[in-house]
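What follows is a set of notes on a single structure, which appears directly below.
2 protein chains.
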Amino acid sequence: MAVTSPSRTQEERSRDMRALLIEATLDCLQAQGFHGASLSVILDRAGVSRGAWAHHFSSKHDLLAAAAEAMMAEAAVAARAVTATLDGEEDRFAALIEQVWQRFYRGRHRDVLFELVVACRTDGELAQRLRPVFIELIESFRGAWGSATPDASGGGDLLTLTLFVLRGMAMQEMLAESADGQAALRGLWTGISRDFLQSRHDRPLRQGAGGPLLGAIT
Amino acid sequence: MAVTSPSRTQEERSRDMRALLIEATLDCLQAQGFHGASLSVILDRAGVSRGAWAHHFSSKHDLLAAAAEAMMAEAAVAARAVTATLDGEEDRFAALIEQVWQRFYRGRHRDVLFELVVACRTDGELAQRLRPVFIELIESFRGAWGSATPDASGGGDLLTLTLFVLRGMAMQEMLAESADGQAALRGLWTGISRDFLQSRHDRPLRQGAGGPLLGAIT
DNA sequence: CGGCATACAAACCAATCGGTCGGTTTCTTT
DNA sequence: AAAGAAACCGACCGATTGGTTTGTATGCCG
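Sequence order for the protein chains is H and R.
Every position in the first sequence, counted from 1, becomes a number in my numbering once 1304 is added.
Every position in the second sequence, counted from 1, becomes a number in my numbering once 1304 is added.
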């Protein structure tokens, strides 16, 4: 018999353990919130010891930040994939909004995202570390939006407004889930924004909306 | 000389102490966030002892809930006062949105509100206790909205959408304050929504927006 | 095979958490 | 004035926090 072949490489073990801890962290953030996601709870859920965590992360803060980065990075990938799914849709505009809603403003991603945003407000260090991934996700949205609304002009602001609406809608659902999941209001918004895009060519808007606009974050 | 007259009545002292603790709690929620607002920090800011807190509140949870209720109740009063300030405004619609933004989606109220909403997600007890005050504030908004958009039909959904936009906008500002405080995008939204209200009489919306709509919360 | 670094476990630690308790001051009541 | 209740203080408590350390098993490499 040959030398005992390692069942799993060290690199594999390391990678898997990190992923396991990160996943448990995200689950805890959803289930218990930021203040309830203590190290003990996270490790208990992951089913590993304190030493495992200490070996792979320098602090609890580090674990949280890594988990946040992982979730956001994965989200950015998914956001870029959305564009492809729009092919064949008769109403690319409505389909895009619906997809973004379903994937990014519901479930664990939404729950954890809100925890993170609120945490970032009082934790400059975390905010600074997460800024790149926030921006990356938004840029991915912008790309998908551009492919769904071919006419170049003015779409940027409308995307920002759309994300505002989805966020406010998500906040609403967090407090009290509605029966239809706010589908009716999303339909209303889709109609309003499309009408606006349509009529925008002909007549100017009553109230000026000039001025520099900064990109939305998440 | 008469018997030593008390400088302050017991009822006064009690009321003031409660208010002092509540105020300190709200300040801490803004400055340190939910997870950072420990009892020690709050009491230190208020400048009172642990015993004072214990005498007036049954638990930390109780203090937090009381502080939240106080802030929301005060906000509801302010929301009802907004209607009056609209008199004399040439553009009541835009003025209302601006007032709501300035008073309820900026500063301490916004910061604490987001902390509370996120906390409520994982704290059913708190959520249940705060639900009435959330609803009360929204109802106050609805009253003001009705007075700014006299034509009865359909305004309700548009108010909800407007609150969604303001929330999403507030979330944006929490992460990264913009130079103009999102004034341009508010202007854009004001124009879009007014156009929609205007054109709503003539032609129907492309995509149906029927179905029962639940009232927005906060 | 053997020396070694990595991966992980579990006991341990000081600090802080929310909460309690005996004691003192301040108002109220008779 | 005296007795009693309410307001308030500050020391104290057990539980839990994030973090460390010591020990062991396992994959890596000469």
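C-beta: ideal position from N, C-alpha, C; glycine also.
Everything numeric in this text was worked out from a predicted model, so none of it was measured.
Host alpha helix (DSSP H) of Phe1397 (chain R) (start-end):
Phe1397 (chain R) -> alpha helix (DSSP H) spans Arg1396 to Phe1408.
Is the Cβ of Met1375 (chain H) closer than 7 Å to any Cβ of chain R?
No, Met1375 (chain H) does not count as interfacial toward chain R.
Neighbourhood of Ala1431 (chain H) by C-beta, 8 Å cutoff - its chain only, sequence neighbours within 5 removed
Excluding sequence neighbours, Ala1431 (chain H) sits near Cys1424 and Arg1425.
Between Asp1348 (chain R) and chain H, is the shortest Cβ-Cβ distance under 7 Å, so that the two count as touching?
No, no contact with chain H.
Can you find a heavy atom of the ligand FMN that lies under 6 Å from the Cβ of His1360 (chain R)?
This structure lacks the ligand FMN; in fact it carries no ligand of any kind.
Any beta-carbon of chain H closer than 7 Å to the one on Leu1417 (chain R)?
False, the Cβ-Cβ gap to chain H never drops below 7 Å.
For a contact defined as C-beta to C-beta under 9 Å, what are the partners of Leu1367 (chain H) on chain R?
Chain R residues near Leu1367 (chain H): none, gap ~15 Å exceeds 9 Å.
Please classify Asp1279 (chain R): does DSSP put it in a helix, a strand, or coil?
In the structure as shown, chain R begins at 1305 and stops at 1522. Residue 1279 (chain R) is therefore absent and cannot be evaluated.
Three or more beta-carbon pairs under 8 Å between the segment 1309-1328 of chain R and the segment 1352-1361 of chain R, yes or no?
A contact exists between the segment 1309-1328 of chain R and the segment 1352-1361 of chain R.
Using a 10 Å radius around the Cβ and a threshold of 16 neighbouring Cβ atoms, would you call Val1422 (chain R) buried or exposed?
That one is buried.
Compute the distance between the beta-carbons of Ile1346 (chain R) and Thr1494 (chain R), then report whether it is under 7 Å.
Taking 7 Å as the cut-off, the beta carbon of Ile1346 (chain R) is found no closer than this to the beta carbon of Thr1494 (chain R).
The segment 1391-1405 of chain R / the segment 1486-1500 of chain R touching (three or more Cβ pairs under 8 Å):
Contact between the segment 1391-1405 of chain R and the segment 1486-1500 of chain R is present, because at least three Cβ pairs lie under 8 Å.
Using the beta-carbon count (16 or more within 10 Å), is Val1381 (chain H) buried or exposed?
That one is exposed.
Please confirm if Val1381 (chain H) has its CB atom under 7 Å from at least one CB of chain R.
False, the Cβ-Cβ gap to chain R never drops below 7 Å.
What residue range does the alpha helix (DSSP H) around Asp1320 (chain H) cover?
Taken as a continuous stretch (DSSP letters only), the alpha helix (DSSP H) holding Asp1320 (chain H) covers Gln1314 to Gly1340.
Comparing C-alpha positions only, which one of H:Asp1415, H:Ala1474 and H:Gln1476 sits nearest to Phe1338 (chain H)?
It is H:Asp1415.
Nearest by alpha-carbon distance to Gly1392 (chain R): which of R:Ser1451, R:Ser1344 and R:Gln1476 is it?
Among R:Ser1451, R:Ser1344 and R:Gln1476, the Cα nearest to that of Gly1392 (chain R) is on R:Ser1451.
Can you check whether the C-beta of Met1321 (chain R) is within less than 7 Å of a C-beta belonging to chain H?
Interface annotation, Met1321 (chain R): not in contact with chain H, CB-CB separation never under 7 Å.
How should Gln1486 (chain R) be labelled, buried or exposed, when 16 other C-beta atoms within 10 angstroms of its C-beta is the threshold for buried?
The residue is buried, with at least 16 neighbouring Cβ atoms inside 10 Å.
So is Arg1312 (chain H) buried or exposed if we call it buried at 16+ other beta carbons inside 10 Å?
It is exposed - the Cβ of Arg1312 (chain H) has fewer than 16 other Cβ atoms within 10 Å.
Against Gln1336 (chain H), what residues of chain R qualify as contacts under a CB-to-CB distance less than 7 Å, listed in chain order?
Result: Thr1426.
Any idea if Asp1366 (chain R) is buried or exposed, counting beta-carbon neighbours within 10 angstroms, 16 or more meaning buried?
By the neighbour-count criterion, in which a residue is buried when 16 or more other Cβ atoms sit within 10 angstroms of its Cβ, Asp1366 (chain R) is exposed.
Check whether the Cβ atoms of Ala1369 (chain R) and Leu1420 (chain R) sit closer than 7 Å, and answer yes or no.
With a cutoff of 7 Å on beta-carbon distance, Ala1369 (chain R) and Leu1420 (chain R) are scored as not near each other.
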